[in-house]
Structure formats: C-alpha cells, structure tokens
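Asker: What the sequence shown shows, in the working numbering, is residues 18 to 485, in sequence order.
Positions of the beta carbon are idealized from the N, C-alpha and C atoms, including for glycine.
Quick one: this structure, given as structure tokens, is what I'll be asking you about.
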Amino acid sequence: MSAVDDVRARLAKHGQEHLLTFWDELDEQGRSALLADVDAIDLAAFETAWQQAHTQEHVVDPAMFEVPECLDAIEGRRARAAGEQVIREGRVAAMMVAGGQATRLGVDIPKGAFPIGPVSGASLFQIFAEGIAASNERYGVRIPWYVMTSKANHAATTSYFEEHDYFGLNPADVLFFSQSMIPVADEKGKILLEEKHKVAMSPNGHGGSLTALAETGMLADMTARGVEFISYFQVDNPLVKPVDPEFVGAHVTRGSQMSSLTMGKASDGEKVGLFIEIDEKLTIVEYSDFPEAMMSLKDADGRRKFDLANIAVHVLDVAFVESMTSGDAGRALPWHRASKKVSTVDLASGTFVAPDSPNAVKLEMFVFDALPLARTTMLLRTERSERFSPVKNATGVDSVATAKRDLVRRAASWLAECGVSVPMTADGEPDGVVEISPLYADDVVSLAAREEGGDREIAAGGSTLLRP
Ligand code: UTP
C-alpha cells in the first residue's frame, strides 16, 4: 500500500476521506503538506470531542442553580498583605492566553500587538508588560510571564516581543508556549479544507492552556522556579492587573485551588457567563445556556439574583493544574461547539468560499470548566470600571473605542481620588484624553504616592500621558 492509500484508508475509517478530494491536482509540495496535516490529526480524539460537544452533558438543570458565596472588596483589601508576601517570595507567575484568532477584531496582527493606549498608542502586550514590570519593581522580584499563543500567531507574537526588547522585561522571564489545534468541521462533522492542500484547524480554546502548560514543560518550569500560584488573564482586557496582590492574597488565605474575579452584570441580558453554584460546586454557565427568564430574577432585597459575571481573571494553584493534567485527566474539561464563519474550499466545485453566515463548527475547551473540578474555590468581587473592558470587536460594544474610553475614565477617576482636578465635559466624561502607564501607577494607592503634595494640572481638551 502506498503512503496515500494508507492515509486514505485511515481517513475512511473515520468518514473523512474527502480530505483527499484534490489529491490528483496537487503538486509534490502540496501533497506532502496535506499528508503532514492529516498525520498531525488525532482522528479518534477529534471524534470523541465532536460527540461530547454535541451531547448536552454539560448543560445542567437550571432548577439546581444557587447563588455562590462571593467575597467583597473589603475582604480583598484585607488579604492584600498575604498576596504581597507570596509575590515577594517569587511564588506567583503571570499567565496570559493569547492563542485566539481575534476574528471579530479582524486584524492580521496578534491581538496583543493592537495599539490601545489612548495617548501613547501602547499595545495590549506593552500595557501588561508594564504592569508586570511595576510589580517586579515594587516587590523586588522577577515574575515569570507565561504567554500562550497558537500556531497561527506564535511567530508573529514572539517577533513582536523581540522587536520591542520585551518591553524592558528580562527575556528569560517571558515564556511562550503554544496550545494545540483541532480540526474545524461542517455541521455534520466533516473536516473542512482551508485550501486544497491544507486542513482547516483552529486553536482548542483557552481551556487548552492547562494541557498545553503540562505538555510544553511550562508546569515543570514553574515548579523549578518555585512558582505555586498562576495569575491567569486574557490578552483582550487592558484594565486587568496582571498580578493583583488582593486577589492572589484572597486565593491564598482561603486555601482555594482555583479562584475567579467577578463583577455585577451591566444589564439583565448582558452576554456574559454567570457564576452559579451547583451541588456546592462553583460553576460558570454560559450566556447562551442561561434561561432568559432567570436572567432578571430578583433576590429578597430586590437585586438581580444571578449577577456574578465572569471576567476571565483567575488564580490557579500549580498543584491543581498538575493534578488536572496528569494522565488522561487533561481531557476532563468538556468540549463545547461554536458555529463560525470559516473560509473553505468547496469540495464539489473546488472553488474558494468565504461564507456570509456560519458554515463551520469549532470545538473549544473553556478554562472556567476547571472550577467545578477544584476541591476549593473562591470568588472575589471587583468593579467593572476598575478591571474589565475587553477588546472583542472593531467597533460598537466591547471594542477598541470602549476600551480606550474606559482606560481614560479610570485614569481620570484615580486622579480625581488623588485630589487632582480633572476637567469634565457637560455629559460627565473626562474633558480630554488621560492615560496612566502602569509603570507610573497601577492603582489609586500607587498614584496617590506619586501625586502626593503635587499640583498637577490637567488641561481641558488636551492629551496627558503619565509615564516615568
Ligand atoms: P475569545 O473567546 O474572545 O476569542 O478569547 P478570540 O479568538 O480572541 O476572538 P474571536 O472570537 O475570534 O473574535 C478570549 C481569550 O482567550 C484566548 C484569546 O486569545 C483571548 O485572550 N483564546 C481563545 C486562546 O488563547 N485560545 C483559544 O483557542 C481561544
């Protein structure tokens, strides 16, 4: 049997032999590329993932939803010293997931390279790097930063950091690792071709970060460095504090294995995942799985009952991630399906199709599905205006404009709290553009120390960048 016959037989066993439809048209290079692509797919694992994503196993009965316990900001502040101690002792790492495809933003650079600083034009990567550098300086440590990429953006991401000298961080402390990819299929589970010689693949979701940490040796690297706690965040949220002593402190003092920050919803129908408790386990139910009628339920005090939104900021014990990923346990995270528009080659005509509506199914794991698997969890409340404004879309809701606006609003409110007079417009917005680099201050406390006794003036309608 020739190599291609062998591959054809293997594909046929899984109903995927159409991947060789254009074999006869391909040149040598195309053929070897296609064989390499097919070889890299674990067809049995794909089938299992597909089946799991198409059963309703993970959808739970809403009658079982309870409101989980949530610590408030005062409890976070009380835990600050404990968090500062473990940071100082080098027991905390930052980890950012940046392997997504950023299709909604629609740019051909990694999302993290997108300029978001309202005055400086600093990229998301730069803003996080400066946040980590600020913590390094404050606590006299070198916090390792683990950056998850995927095949599609790994090279562009690492070159971007090199071109920018790692934003002043020590390159030995910025560790890139790539997540796994999984085939993209049509609604019936037939894997799609992106080109005649190329299988359509997509990253396996941010939940893939846990197995990727183990498989790429990053967990071992953490252990070698004495890291016990992982401060997890997403590349799209410029308001996040990469390593937050209050959140880490609350995680540590509560003896939690996995913790999450949360905030109140903006409206009943806001499209965010919600924290609930089921059988005493902290769980996130996605917006699309949450019964509409329950979104507006009120509690005895007349407040929204299910109001704890997921902002994708977590702390995980290294030991917990190890336990999740040893043996086959890494596959314990459930698979989810998402309908997406994916450009593909039409098998009948051989032409390239860029669809107007979803034509494909991507399979993804979500990191928050690890929460109910943890023995102990903790939720800490934060304010949206302080910590959350994701860049998802080019325009509109959760866009470049709203993230820049929220950076300016937060900078203005910190300055006002420090006694600096900030000119405001008639509709209550800061009059002008103000940006505070995390190197200058990364919260109101550090800003107060900088501005103490000062007589700063912010000019109406101007641009102000506070950076050392
Ligand atoms: P999103 O769910 O917003 O997806 O990712 P996305 O791929 O960035 O954007 P769209 O949906 O294509 O527009 C939330 C976070 O999870 C990361 C993203 O990089 C982002 O930080 N992510 C997502 C991964 O690291 N890997 C994935 O497979 C998916």
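Cβ of S167 versus every heavy atom of the ligand UTP: is any distance shorter than 7 Å?
Answerer: Walking along the sequence shown from the start, residue 167 turns up at place 150. True, at least one ligand heavy atom lies under 7 Å from that Cβ.
Asker: Would you mind sorting K30 into buried or exposed? The rule is 16 or more other CB atoms within 10 Å of its CB.
Answerer: Numbered from 1 along the sequence shown, position 13 holds the residue referred to as residue 30. Classification for K30: exposed.
Asker: Just tell me which of A110, K282 and A371 has its CA closest to the CA of R242.
Answerer: Along the sequence shown, read from residue 1 onward, the residue named residue 242 stands at position 225. Checked all of A110, K282 and A371; the closest Cα to R242 is A110.
Asker: Would you mind reading off the limits of the beta strand (DSSP E) that contains I328?
Answerer: As a first step, residue 328 must be located in the sequence shown, where it is residue number 311. Element bounds for I328: A326 to D334.
Asker: List in chain order: all unbroken alpha helix (DSSP H) runs of 4+ residues lying wholly within the region 238-297.
Answerer: Counting whole runs of 4 or more residues, the region 238-297 contains the alpha helix (DSSP H) stretches 262-270.
Asker: Can you tell me the Cα-Cα spacing of G266 and E212, whole angstroms?
Answerer: Position 249 of the sequence shown, counting from 1, holds the residue named residue 266. Position 195 of the sequence shown, counting from 1, holds the residue named residue 212. Straight-line Cα distance between these residues: approximately 49 Å.
Asker: Just the Cα atoms here: how many angstroms apart are T279 and G290?
Answerer: To locate residue 279, count along the sequence shown from 1; it is residue 262. To locate residue 290, count along the sequence shown from 1; it is residue 273. For T279 and G290, the distance between alpha carbons rounds to 10 Å.
Asker: Starting from V370, follow its DSSP beta bridges and name the residues at the other end.
Answerer: Indexing the sequence shown from 1 puts residue 370 at position 353. Bridge partners of V370: T361.
Asker: At a threshold of 7 Å, does P220 count as lining the ligand UTP (C-beta to nearest heavy atom)?
Answerer: Along the sequence shown, one-based indexing puts residue 220 at 203. P220 Cβ: within cutoff of the ligand UTP.
Asker: Just to confirm, is the Cβ distance from Q274 to S226 under 8 Å?
Answerer: Counted from its first residue, the sequence shown places residue 274 at position 257. Counted from its first residue, the sequence shown places residue 226 at position 209. Result no, Cβ atoms of Q274 and S226 do not sit closer than 8 Å.
Asker: Using 7 Å as the cut-off, classify the Cβ of Q143 as near or not near the heavy atoms of the ligand UTP, replying yes or no.
Answerer: By one-based count along the sequence shown, residue 143 stands at place 126. No - the ligand UTP has no heavy atom lying nearer than 7 Å to the Cβ of Q143.
Asker: Please tell me whether V24 and V55 are closer than 8 Å, where the distance is taken between their beta carbons.
Answerer: Locating residue 24 in the sequence shown gives position 7, counting from the first residue. Locating residue 55 in the sequence shown gives position 38, counting from the first residue. Cβ distance < 8 Å, so V24 and V55 count as in contact.
Asker: Measuring CB to CB, does D314 end up less than 8 Å from H35?
Answerer: Reading the sequence shown from its first residue, position 297 is the one you call residue 314. Reading the sequence shown from its first residue, position 18 is the one you call residue 35. The residue you asked about is not Asp; residue 314 is Leu in the sequence shown. Their beta carbons are not under 8 Å apart, which means L314 does not touch H35 by this criterion.
Asker: With distance defined between alpha-carbon atoms, name the residue in F307, V114, N254 and G413 nearest to T166.
Answerer: Taking the sequence shown and counting its residues from 1, the one referred to as residue 166 is at position 149. If we check each option's Cα against that of T166, V114 comes out closest.
Asker: Following a CB-centred definition, is Q118 positioned closer than 7 Å to any heavy atom of the ligand UTP?
Answerer: Here the question's residue 118 lines up with position 101 in the sequence shown. Yes; taking the cut-off as 7 Å, the Cβ of Q118 has a heavy atom of the ligand UTP nearer than that.
Asker: I'd like the span of the alpha helix (DSSP H) that includes K379, first residue to last.
Answerer: Along the sequence shown, one-based indexing puts residue 379 at 362. Run containing K379: none in the alpha helix (DSSP H); it sits in the beta strand (DSSP E), A377 to M382.
Asker: So is D22 buried or exposed if we call it buried at 16+ other beta carbons inside 10 Å?
Answerer: Walking along the sequence shown from the start, residue 22 turns up at place 5. Result: exposed.
Asker: Is H71 near the ligand UTP - that is, is its Cβ less than 7 Å away from at least one heavy atom of it?
Answerer: Your numbering for residue 71 matches position 54 in the sequence shown. For the ligand UTP, not one heavy atom lies less than 7 Å from the Cβ of H71.
Asker: Counting Cβ pairs closer than 8 Å, one from the region 299-316 and one from the region 424-444, do we hit at least three?
Answerer: With the cut-off at 8 Å, the region 299-316 and the region 424-444 do not touch.
Asker: Considering just the uninterrupted stretch of the alpha helix (DSSP H) at W431, what are its terminal residues?
Answerer: Start at 1 with the first residue of the sequence shown, and residue 431 comes out as number 414. That run of the alpha helix (DSSP H) goes V417 to E434.
Asker: Since M395 contacts S276 with CB under 8 Å, what's their CB separation in whole angstroms?
Answerer: Mapped onto the sequence shown, residue 395 falls at position 378. Mapped onto the sequence shown, residue 276 falls at position 259. So it is a contact: roughly 4 Å between Cβ atoms.
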